[in-house]
Amino acid sequence: MSTISRRRMMVSGATALTLPNLESNLVAAAPNSSIGVAKRLVFLTMGYGVNAENWFPSAKQIGTEYDLPPLLESFGDLKSDFSIIQNLTNQRMAGPHAGSQNFLSCADLGKNGGGNSVSCDQLAARVLGRDTRHSSLAIAGSRWRVDGHGSYASWGPDGKPVGTYEKMSGVYTALFGTGGKAAQVLLKLQRQQSSLDALLGNAKRLNGEISAADRHRVDEYFTSIRNIETRLSKAKDWVETPYPNAPFRQPQDRIGGKEEIELMLDMMVIAMQSDSTRVISYMIPTGRVLQELKTRLNPHKMSHKASGELDPKSVHQSRDRMLAELVSGFIRKLKNTKEADGSSLLDHSLVAYGSSLRQGHGTSNVPLLLAGHGGGGLMQGQNVVYKPKVTPLANLWLSMLRHVGVETNRFANSQRVLSEVGFK
């Protein structure tokens with residue numbers, strides 16, 4: 060059986076290109092629809108990690124009596140609201156150039172032939188996303204701005220990346236809609252369903268004419284269609300629900316610099332406050348921070364300590380400090396945003412900030428900061444230090460999943476929950 064002709068692939072490619080456009084038009088946000096105060100999870104990651112020097116506290120200062128490292132000084136007023144967890148290792152990295160590809164899945168990429176598996180945020184979304192318009196929000200800067208091998212943080216059960224928002228306009232539309240009336244939105248959804256049915260029919264006919272070499276690409280296409288069908292179905296269920304009021308006008312997609320990241324983090328706070336979603340992942344486009352620092356270095360070169368117009372260590376540390384300022388600002392806003400019962404968003408949220416890598420492409424003792432109180436029961440404010448190279452990063456993801464109500468005793472290569480932080 061021959062491979063697909065160039066003309067047929069052009070037609071199929073054009074069809075596939077309509078998929079992201081369909082996805083971006085499906086989304087809408089909803090006001091708080093839960094009874095009581097919901098728990099929320101946020102995962103923040105970056106492609107090439109941090110400069111270990113001045114990011115980690117002294118491993119000798121275990122517990123609550125520790126000195127904040129210089130690069131995390133912006134967290135000073137939040138010290139009782141987070142813990143730094145040292146010596147977690149993503150033991151299933153398929154080499155350092157896998158970047159953050161399996162940060163949230165801890166999948167055995169080598170054993171799976173490079174294929175991923177479901178990420179912890181998507182497991183959480185099955186439980187926490189039942190009563191929200193968006194089961195989860197997966198956000199990333201556009202691929203060239205992420206500067207990490209693997210531009211996605213969130214992965215479905217089939218090991219394929221879930222629908223990811225790369226532009227601020229997409230997230231803005233997801234949260235605040237387009238201003239259309241319910242009847243107009245429903246009609247649009249019905250038309251999109253008809254278009255999707257046509258695409259599926261064409262894909263099935265194409266499926267009978269392809270070689271084994273092309274089978275994988277068509278399977279990915281079917282997966283994309285199924286993901287969109289799921290979103291269409293949920294969007295129809297929420298079509299009568301009004302959108303939250305937008306507190307600011309839609310931002311431009313190419314603002315650049317740290318302002319772009321800050322605006323995205325602000326929209327994440329609104330997403331949580333309005334209960335539009337309870338699970339968010341964000342692959343921070345660290346190249347935007349370097350743009351702010353006016354350097355030609357990129358995260359990959361810096362991780363290798365490459366030479367440039369500035370000393371790589373100073374640029375790397377300036378970048379890490381700026382990222383810390385942005386993340387601490389985000390956590391501070393969660394702390395200052397009140398729930399209906401007078402508690403804060405941070406009281407009921409868990410925010411993991413880290414990476415699978417550190418400078419020099421190191422894969423052991425990955426940088427990890429855990430903020431928030433997750434509804435209570437945790438012992439924050441600590442410098443937690445485990446034995447080197449023996450504690451899987453998956454232990455933390457298992458702990459967080461169980462804490463928010465996901466019934467599971469294992470995630471990836473996890474061994475146990477992190478009881479030292481108060482998880483049970």
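In the working numbering, each number is its position in the sequence shown, counted from 1, plus 59. Every residue gets a Cβ at the ideal spot worked out from N, C-alpha and C, and that includes glycine. On a predicted model such as this, the values are computed, not experimentally measured, just so you know.
Check your understanding: Around the Cβ of Asn175, are there at least 16 other Cβ atoms within 10 angstroms (buried) or fewer (exposed)?
Key -> By the 10 Å Cβ count, Asn175 comes out buried.
Exercise for review: Give the DSSP-derived three-state secondary structure of Gly436 in the structure shown.
Suggested key: Here Gly436 sits in coil by DSSP.
Check your understanding: Do Phe235 and Pro303 come within 8 Å of each other at the CB atom, strictly closer than that value?
Key -> Yes. Within cutoff.
**Study point:** Span separating the alpha-carbon of Thr223 from that of Pro128
**Key:** Here the alpha carbon of Thr223 sits roughly 33 Å from the alpha carbon of Pro128.
Review point. For Arg380, does the three-state DSSP call read helix, strand or coil?
Key: In the three-state scheme derived from DSSP, where H, G and I count as helix and E and B as strand, Arg380 is classed as helix.
Point to revise | Proximity to Ala430 [Cα-Cα], best of Ser373, His407, Asp296, Gly315 | key: Closest by C-alpha distance to Ala430, out of Ser373, His407, Asp296, Gly315, is His407.
Check your understanding: Any idea what DSSP makes of Val221, helix, strand or coil?
Key -> Correct three-state label for Val221: coil.
Review point. Out of curiosity, what's the CA-to-CA distance linking Thr123 and Phe134?
Key: Using only the alpha carbons, I get a separation of about 14 Å.
**Study point:** Tyr231: first and last residue of the uninterrupted alpha helix (DSSP H) it sits in
**Key:** Counting along the chain, the alpha helix (DSSP H) containing Tyr231 begins and ends at 227 to 235.
**Study point:** Any 3 or more C-beta pairs closer than 8 Å across the segment 335 to 354 and the segment 177 to 187
**Key:** Segments in contact, yes.
Practice item. To the nearest angstrom, report how far apart Gly215 and Ala166 are at their CA atoms. Key: Taking C-alpha positions only, Gly215 is separated from Ala166 by approximately 12 Å.
Check your understanding: In chain order, what residues of the same chain lie with their CB nearer than 7 Å to the CB of Val177, ignoring the 5 residues before and after it?
Key -> Here the set comprises Ser164, Trp214, Gly215, Pro216.
Check your understanding: Per DSSP, Met342 is paired with what?
Key -> Met342 pairs with Thr104, Ala199.
**Study point:** 7 Å Cβ shell around Arg380 - same chain, five flanking residues per side excluded
**Key:** Within its own chain, the residues whose Cβ lies closer than 7 Å to the Cβ of Arg380, once the five positions on either side in sequence are excluded, are Leu130, listed in chain order.
Check your understanding: Counting Cβ pairs, one atom from each stretch, are 3 or more of them under 8 Å apart for the segment 397 to 415 and the segment 95 to 104?
Key -> These segments touch.
Review point. Should Ile198 and Asn442 be called a contact, given that it needs their Cβ atoms to be closer than 8 Å?
Key: Between Ile198 and Asn442, the CB-CB gap reaches or exceeds 8 Å.
Check your understanding: Beta-carbon separation of Ala118 and Gln145 under 8 Å?
Key -> Yes. Within cutoff.
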